[in-house]
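>
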Amino acid sequence: MTMTTNTMGSAAATHNLGIRADHRRNKRQARALHQFPTAALNGINNQFSQSPVIGLDNSSIQSGMNTLSDFLSNGSSSGVTPNSATPVLMNDKMNSFTPKQFSATSFETPVSMLSPSKSQAPDSYNSPYVQLDFESLTIHDMSPIVPTQRWEDQLVYLTKSYGTNSSKIPPLPSTQFYCHEEDGNCDPRLLASSMCTIPAEESLREATKLPLGLTVQPFTRTIPTEEISVIKLNNSTVTPSILTENYEVGPLRCRRCRAYLNPHFQFTFDSAVICNICNVKMKLANEQVAPIDVDGKRSDYSIRPELFKGCVDFEVPSLYNAIPDKETLPLHYLFLIDVSTRSIENGGCISFIHSVKRSINYIRENQPNCKVAIMSYDKNIRFYELDPSFERCREYIVSEIDDCFIPFNSFFFASTIESQNIIETTLDQLASTIENHMDLHLSDNCYGSAINAAKLAFDTFLGGQGGKIIAQLGSQPTIGSGKVNTLNEKAGKTSLKPDLSFYKDLSKSFNKSFLSLDLYVTAQSFVHLANVGYPSIATSGVVKYYGMFTYERCNFILCKDILHNISIIKGYQAQLKIRASNGLSINKYFCESNNNSDEDPIIPVITSSTVVDVLLKYSDKLKKDTKLFIQAALLYTDINGVRKVRVINTSAPSSSSMTTIFKFVNQNVIMRLMIRQLLLKSHSLDFASMKKSILEDLSSVAAQYRALISGNSNKQFVTADTLMTLPTFMLGFQKSKVMKSTIQKTFNNDRISDYFKYFTMNQSELSYKLYPQIIPLHIPLAGGDLSFYDANYQLLRISVGSLENLTVRNSMSQIVNGGAYLIFNGEIVYLWFNENTNRSLLEDLLGVPATIPIEQIKLVENKLRKTGTRINKKVAETMRYWSQIVNKRYIPLVPLRPQIDSYYPNVIGSILIEDYSMSKMDSLNEFTASINNLSSTKIQNKQFIKTSGNEELDITHQKFVQF
């Protein structure tokens, strides 16, 4: 073993989706705001090539926004003054409608303000929308066209809030809305069911051909943005809580099913309580009893958030600790840097070091109790002692990488405050050594051995308490554990799963030690992401792949990605448990840490973007027309080391009516569950079979609806109102990179990177990824269009008369030559323009002189430069809206120019999903026609599941019998 020490310097929806225009109107040709040049209005060239893209900061959107909290709270940059107020919860008295004018902190009596109306819409628009009452509009009345439906849904929630009991179907994931909790049900952004009315038995669920399940995002950002209530432990340092048992035991729980106290627990007059999950009655201790009024409410109801809020945090005693007999610790970070030759040559190493420095500054300011460590690797593993008494850092080099050890016993992890100078000195000297001594570095890297050594460090210094590893990889691992041999063409496309047991075994040990890995791949050549990236996905981390990395192009986005992923961390050592009413149980959690089984998943580090999809099953028949309850309990340690359990509650009625079941389904959750089930089939890369499976599933749903509900036998595509855009989104998934049937090895990194994204995308990101939003900028815009409606800068508004012009479907036929479009795919905002776009528009938007050729237009650091013009402010507010709804600290702005940008063909192909693709994928017209034809065949051949009879006819029969 060798070591060297250095001192360094309801009714059926009958829609012909995609086959004809919106059934309520004929869409007019979009009009340009500026006059186009009359010469050379040529067609758009669609030649294809490939290149990656880059990122942008929010500082360009709002001056003075230096931190995430600043970004989320600062005022609008728009010249349009938002409303002076914002809703505030008034507990039981709050109805489902929010005021049209808001106060900054809470729901109050609305101050008069006109919502968009006919008088505000220019007469020239002559839009049918000005006749609609958007407050009363529901999903059943909305357009079957995705971009139109998005605007309609946002218009609905400008003037009312979502009530968690009265509103039934949640808003679209692309809609920002205020929510008030009713009847102890949580915000649907935290926990939502695929069926808002649950079938009373499995045979009814099977007859819908839809999955029954949940989407849980415990720390998602909600509105109002008030903090989740924390219920303190009953000890001498806090106000006693009569609803916790004692300091040693923790919060009140059901003695049978172990459900946590929630608003649906029923307190009785005989000093007992009935669990809403398993219906078991249990006696309360004397200190837990309170008087009960005639409505069954306790006298302390109004001061106990756990009795009326759908989501609360309980602090819990040491009995709940992840490791028995060990005190919990604040979160610890370890930064792992690839200093091998290839990582240095393309600038990935230096870029990562600069990002680490900024990240540690962020941790110091926003997470002061957290500690950090630094390691690096090439063919050797290097450790750095961060003793604050040192003037220069000590570097320890261990060459026995397969039998590694920690060469010192203190100051591996260091406080970002106490050791600030030595941390900065270490990073500066490391960067200086790399830049000034290029010839001293080694070409091999031992990535697998290095992350194994990082785990050893966590186990040694923290006793297996876990934390976050943030690693950079600049080339294929070539030495040590987990090395990957050069792959031939066949080996490169055999599976999306890892084929090296080292990474599978390492992932299991990471989860046992509550370690999560974020991996940033800055390679310029092929890296076997299926192997090296798997530990990240299996430990609820992220994999960011920057194809053909260069310092100039990717430095900014790498830094912002790392900062963002650190800023959204909420805790670690987490475990999720779902409990449901008698008759429902867990089929599987879609989570790699438990191999997609029904075992409660470990989540080593949890963030505000962490989403877990859950598939339910029936263990018994449910009682008809009764309320069913679901509770998600997340046990975790927050970043400051406080052990808590987040309890999230919701409820839904059961029903045996197929009409009611179809009327109240949640398409977003259904779509996520269908995609997660398909991804489990993708390991064999049999994409032809997966595409047939998508068509079969969608046609089966349509056949069941037509056969059991609508009775429609014509040739139009018929589906439930609540599922009318499902085929469009599933076509978007079918056209994603992970589903491309290419056999070329050069696409494998892109394919697997795309595959990994589906494990980490939140609900809004997935919606925008499958169907990107396109907003035209060259059309006439009213003064209030694309500006914030409320004082908290959350709700983006448009005038009703502008809705038609702002609706752009994702088809090349909708793109005007000479126009300008803002396009958002959940990660990146693209600005589409070409040589015929009016230069006055570009000058107002970007601040670039009209004399500069469009191929020379650059967006510095991919930021939107502030010009002070109206169009510039509208784009800034639109980008801010998007960043908030997908919970991102920043979003990049990237030019998208035909015949100029090398990445244009691939990007535009992923955006225009309604068109027939170059890879011979159906257009939306053809896809919906295939679904309709197959469903018609199923009905003709009676290949559908029949229920016990038409419930309406049965009721009529009973009336005659009783008469």
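Residue 135 is where the sequence shown starts when you use our numbering, and the numbers rise one by one after that. Note that beta-carbon positions come from the ideal geometry of N, C-alpha and C, so glycine has one too.
#1: Could you say which of N455, L937, P910 and S742 lies nearest to S277 if we only look at CA atoms?
#2: Assign Q400 to buried or exposed, taking buried as 16 or more other Cβ atoms, counted over all protein chains shown, within 10 Å of its Cβ.
#3: Using 8 Å as the threshold, is the segment 809-816 in touch with the segment 1045-1057, meaning 3 or more CB pairs across them?
#4: At which residue ranges does the segment 407-486 contain complete beta strand (DSSP E) runs of 3 or more residues, listed in the order of the chain?
#5: Which same chain residues end up closer than 6 Å to T331 when comparing Cβ atoms and leaving out the 5 residues on each side of it in sequence?
#6: Nearest by alpha-carbon distance to E686: which of I712, P1032, K1000 and V994 is it?
#7: Comparing alpha-carbon positions, which option in Y511, A1010, D404 and V739 lies nearest A672?
#8: State the start and end residues of the unbroken beta strand (DSSP E) segment that holds V934.
#9: In whole angstroms, what separates the C-alpha of M792 from that of H274?
#10: Sorted by chain position, which residues of the same chain lie with C-beta nearer than 6 Å to S1098's C-beta, five sequence neighbours on each side aside?
#11: Could you give the DSSP three-state label for N179: helix, strand or coil?
#12: Count the other C-beta atoms from every protein chain shown that fall within 10 angstroms of the C-beta of G614, then say buried if there are 16 or more, exposed otherwise.
#13: Looking at the structure shown, is R526 part of a helix, part of a strand, or coil, going by DSSP?
#14: What separation, rounded to the nearest whole angstrom, lies between the Cα atoms of T1081 and V383?
#15: Determine the direct distance from the alpha carbon of K443 to that of C320, and round the result to whole angstroms.
#16: Y923: which of Y752, T293 and R973 sits nearest, CA to CA?
#17: By DSSP, does M509 sit in helix, in strand, or in coil?
#18: Whole angstroms is fine: what's the gap from V803's alpha carbon to N543's?
#19: Y518 lies in the beta strand (DSSP E); which residues open and close that run?
#20: With three or more beta-carbon pairs closer than 8 Å as the criterion, would you say the segment 463-479 touches the segment 431-440?
#21: Buried or exposed for D512, going by 16 or more other Cβ atoms inside 10 Å?
#22: Use the C-beta contact count for A822: other C-beta atoms within 10 angstroms, 16 or more gives buried, fewer gives exposed.
#23: State the beta-bridge partners of Y394 as determined by DSSP.
#24: Do you know offhand how far L929's Cα is from R323's?
#25: Any idea what DSSP makes of I912, helix, strand or coil?
#26: Using the Cβ count rule (16 or more neighbours within 10 Å means buried), how would you classify F403?
#27: Which whole-angstrom value describes the C-beta separation of S1064 and L829, a residue pair presumed to lie in contact below a C-beta threshold of 8 Å?
#28: Do K755 and S785 have their beta-carbon atoms positioned less than 9 Å apart in this structure?
#29: Would you call the segment 422-429 and the segment 454-461 in contact, with 3 or more CB pairs under 8 Å?
#30: Does the segment 908-924 come within contact of the segment 1017-1032, defined as at least 3 CB pairs closer than 8 Å?
#31: Which same chain residues end up closer than 7 Å to I1079 when comparing Cβ atoms and leaving out the 5 residues on each side of it in sequence?
#32: Output needed for G981: all residues of its chain with C-beta closer than 7 Å, excluding positions within five of it in sequence on either side, in chain order.
#33: Under a Cβ-count criterion, where at least 16 other Cβ atoms within 10 Å of its own Cβ denotes burial, should A588 be classed as buried or exposed?
#34: Under three-state DSSP, which class holds V994?
#35: Suppose you measure from the CA of Y394 to the CA of L769; what does that come to, to the nearest Å?
#36: Please give the ranges of any alpha helix (DSSP H) in the segment 937-1005, keeping only runs that are unbroken, at least 4 residues long and fully inside the region.
The structure says:
#1: In the sequence shown, the residue the question calls residue 277 occupies position 143. With distances taken between CA atoms, S277 lies nearest to L937 out of N455, L937, P910 and S742.
#2: Residue mapping note: residue 400 aligns to position 266 of the sequence shown, counting from 1. Q400 is exposed by the Cβ-count criterion.
#3: Contact between the segment 809-816 and the segment 1045-1057 is absent, because fewer than three Cβ pairs lie under 8 Å.
#4: Entirely contained in the segment 407-486, the beta strand (DSSP E) runs reaching 3 residues are, in chain order, 415-417, 445-449 and 466-472.
#5: Residue 331 sits at position 197 when you count from the first residue of the sequence shown. Leaving aside the five residues that flank T331 on each side, the residues in its chain whose CB is nearer than 6 Å to its CB run, in chain order, P787, S789, T794, I795 and F798.
#6: Position 552 of the sequence shown, counted from the first residue, corresponds to residue 686. Taking E686 as reference, the option from I712, P1032, K1000 and V994 with the minimal CA-CA separation is V994.
#7: Translated into the one-based positions of the sequence shown, residue 672 becomes position 538. Shortest Cα-Cα distance from A672 to any of Y511, A1010, D404 and V739 involves V739.
#8: Translated into the one-based positions of the sequence shown, residue 934 becomes position 800. Per DSSP, V934 belongs to no beta strand (DSSP E) and is neither H nor E.
#9: One-based indexing of the sequence shown puts residue 792 at position 658. One-based indexing of the sequence shown puts residue 274 at position 140. Roughly 16 Å separates the two Cα atoms.
#10: Residue 1098 is absent from the model: the chain starts at 135 and stops at 1097.
#11: Translated into positions along the sequence shown, residue 179 becomes position 45. Low confidence applies to N179: its pLDDT is 38, below 50, so where it sits in the model is not reliable, and the reading given next is rough at best. Correct three-state label for N179: coil.
#12: Start at 1 with the first residue of the sequence shown, and residue 614 comes out as number 480. By the neighbour-count criterion, in which a residue is buried when 16 or more other Cβ atoms sit within 10 angstroms of its Cβ, G614 is buried.
#13: Start at 1 with the first residue of the sequence shown, and residue 526 comes out as number 392. Coil at R526, not helix or strand.
#14: Position 947 of the sequence shown, counting from 1, holds the residue named residue 1081. Position 249 of the sequence shown, counting from 1, holds the residue named residue 383. Distance between the alpha carbons of T1081 and V383: 48 Å.
#15: The residue labelled residue 320 in the question sits at position 186 within the sequence shown. The residue labelled residue 443 in the question sits at position 309 within the sequence shown. Taking the straight line joining both Cα atoms gives about 7 Å.
#16: On the sequence shown, position 789 is the one that residue 923 refers to. Minimum Cα distance to Y923 is reached at T293.
#17: In the sequence shown, the residue the question calls residue 509 occupies position 375. Strand, per DSSP.
#18: Here the question's residue 803 lines up with position 669 in the sequence shown. Here the question's residue 543 lines up with position 409 in the sequence shown. So the alpha carbons of these two residues sit roughly 49 Å apart.
#19: Residue 518 sits at position 384 when you count from the first residue of the sequence shown. Start and end: I515 to E519.
#20: No, because fewer than three Cβ pairs between the segment 463-479 and the segment 431-440 fall closer than 8 Å, the two stretches do not touch.
#21: Taking the first residue of the sequence shown as 1, we reach residue 512 at position 378. D512 sits buried, since 16 or more C-beta atoms from the chains shown fall within 10 Å of its C-beta.
#22: In the sequence shown, counting from the first residue as 1, residue 822 sits at position 688. Looking at its Cβ environment, which holds fewer than 16 other Cβ atoms inside 10 Å, A822 is exposed.
#23: Within the sequence shown, residue 394 is the residue found at index 260, counting from 1. The secondary-structure analysis by DSSP pairs Y394 across a beta bridge with R387.
#24: The residue labelled residue 929 in the question sits at position 795 within the sequence shown. The residue labelled residue 323 in the question sits at position 189 within the sequence shown. When rounded, the separation of the alpha-carbon atoms in L929 and R323 is 16 Å.
#25: Within the sequence shown, numbered from 1, the residue matching residue 912 stands at position 778. Before going further, note that residue 912 is His rather than Ile in the sequence given. In the structure shown, H912 sits in coil (DSSP, three-state: anything other than H, G, I, E or B).
#26: Here residue 403 is taken as the residue at index 269 of the sequence shown, counted from 1. Classification for F403: exposed.
#27: What you label residue 1064 is simply residue 930 of the sequence shown in a count that begins at 1. What you label residue 829 is simply residue 695 of the sequence shown in a count that begins at 1. Confirmed, Cβ separation roughly 6 Å.
#28: On the sequence shown, residue 785 is found 651 positions in, with the first residue counted as 1. On the sequence shown, residue 755 is found 621 positions in, with the first residue counted as 1. It is not a contact, given that the beta carbons lie outside the stated cut-off.
#29: With fewer than three CB-CB distances shorter than 8 Å, the segment 422-429 does not count as touching the segment 454-461.
#30: No: the two stretches stay apart, fewer than three of their Cβ pairs being nearer than 8 Å.
#31: To locate residue 1079, count along the sequence shown from 1; it is residue 945. Excluding its 5 nearest sequence neighbours in each direction, I1079 has C-beta neighbours in its own chain below 7 Å: E340, A341 and Q838, listed in chain order.
#32: What you label residue 981 is simply residue 847 of the sequence shown in a count that begins at 1. Counting only Cβ-Cβ distances below 7 Å, and skipping sequence neighbours, we find R999 and T1001.
#33: Position 454 of the sequence shown, counting from 1, holds the residue named residue 588. By the 10 Å Cβ count, A588 comes out buried.
#34: If you number the sequence shown from 1, residue 994 lands on position 860. When DSSP states are grouped into helix, strand and coil, V994 belongs to the helix group.
#35: By one-based count along the sequence shown, residue 394 stands at place 260. By one-based count along the sequence shown, residue 769 stands at place 635. Roughly 12 Å separates the two Cα atoms.
#36: Taking only runs of at least 4 residues, the alpha helix (DSSP H) segments lying wholly in the segment 937-1005 are 937-940 and 973-980.
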